[in-house]
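A quick write-up on the structure given underneath.
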Amino acid sequence: MVYPYKLLSGGSMSRYIGTKMMLMIPTLIGITLLAFILLNLAPSDPALISLSMDGVSAPSLQEIENKRHELGLDLPLIVQYKNWICSIVIGDWGVSYITRKPVIEMLLTAAKVTVLLSLVSILFTVVLAIPIGAFMAQSRFSRVTKLLDVLSIAGTSVPTFWLAIISIHIFAENLGLFPTSGYGSFRHLLLPAIILAIPTIASVMRIQRDAMLKIQESNYVLLARAKGLPNWVIVYKYMIQNALVTSITIIGNHLRSILGGAIIIETIFSLPGFGMLLLQSIQMRDYPVIQGYVLIIGIMTIMINVIIDIIYVWLQPSIRLGRG
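Sequential numbering from 1 applies to the sequence shown in full-length UniProt numbering.
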């Protein structure tokens, strides 16, 4: 058995992280190209949308040309792309056609809600799913485990929007335990975070159980038992740690999906996060905001992937850092 601290010696982890960061560069370039092309393939002329928000309902050709010049849309595409990248680097992500607010300001405001919602949801998942999965592996023939099996199947089968509506009716309207909608305090995030976590908890607890059942028949676990190590030591140091690798994948996918915008849940609970912002921007054809959304979600997704890879290396001794 190789423990995680041995993997971190000799600067191996630093080299691994450096390699991952270098590999991010081509992906980031691809994301910026996607976001840029998105604006140029838009079915509506951004100049017309901007003029309409200025109160010009029937602009002349000269007014349209002037607005296109103001927005830099009359420049060659390669020049537009270069100018846009330079602006992105210095923090100028453009201005919303609808609100006239800086796009980066709108994205950061929405990010505070969605990121916090994501972290709370992930916290519920880790705190509940991992221990429950370990319990199910250790007590696989008990009645409690059979009940948990049924609940896990239900958790992955029931649509989250239905759970959200029922939960609001029971826990918010009838019992008054949570606010029904809106965002003003941490309590507003608890119920939607739990709803978002339920399918992942159901999946992770079953995956954690199956992985631990497989690992407990491995040679190093059998050797540890033969040495007379306490069961809790075997379960914690030898089984849970190695079984976490698969569970981390599911949790990472869950985090990416929330950051991408849990549109339905954020709409039901009236949370001003990424999902709500994206939905409103699409409806209003606010292309700079959509463009910024694609870019920031792409960057966040890359960072999450790097973090997950680092956790893999920390948890799984069989992964060689030198292969990056």
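Glycine included, C-beta positions come from ideal geometry on N, C-alpha and C.
The residues 269 and 270, in chain order, have a CB closer than 6 Å to that of residue 181 in the same chain once the five nearest residues on each side in sequence are set aside. Around the beta carbon of residue 226, fewer than 16 other beta carbons lie within 10 angstroms, which makes this residue exposed. If you draw a 10 Å sphere on the C-beta of residue 45, you find fewer than 16 other C-beta atoms in it, and that means exposed. Rounded to the nearest angstrom, the gap between the Cα atoms of residue 85 and residue 183 is 33 Å. The Cβ neighbour count for residue 273, taken over all protein chains shown within 10 Å, is at least 16; the residue is labelled buried. In the three-state reduction of the DSSP assignment, residue 102 falls in the strand class.
Annotated three-state conformation of residue 294 is helix, per DSSP. Residue nearest to residue 288 within the set 154, 38 and 176 is 38 (criterion: CA-CA distance). For the set 42, 267 and 255, the Cα lying nearest the Cα of residue 116 is the one of 255. Take the alpha-carbon of residue 80 and the one of residue 72: they are about 7 Å apart. For residue 119 and residue 259, the gap between their C-alpha atoms comes out near 10 Å.
Contiguous beta strand (DSSP E) elements confined to the stretch 113-153 do not occur, taking only those with 3 or more residues. At a Cβ-Cβ threshold of 8 Å, residue 263 and residue 208 do not count as neighbours. At the C-beta level, residue 63 and residue 75 stay beyond 8 Å of one another. Within the stretch 228-295, complete alpha helix (DSSP H) segments of at least 4 residues are found at 241-259, 263-268 and 274-284, given in chain order. Just so you know, the alpha carbons of residue 291 and residue 83 end up roughly 15 Å apart.
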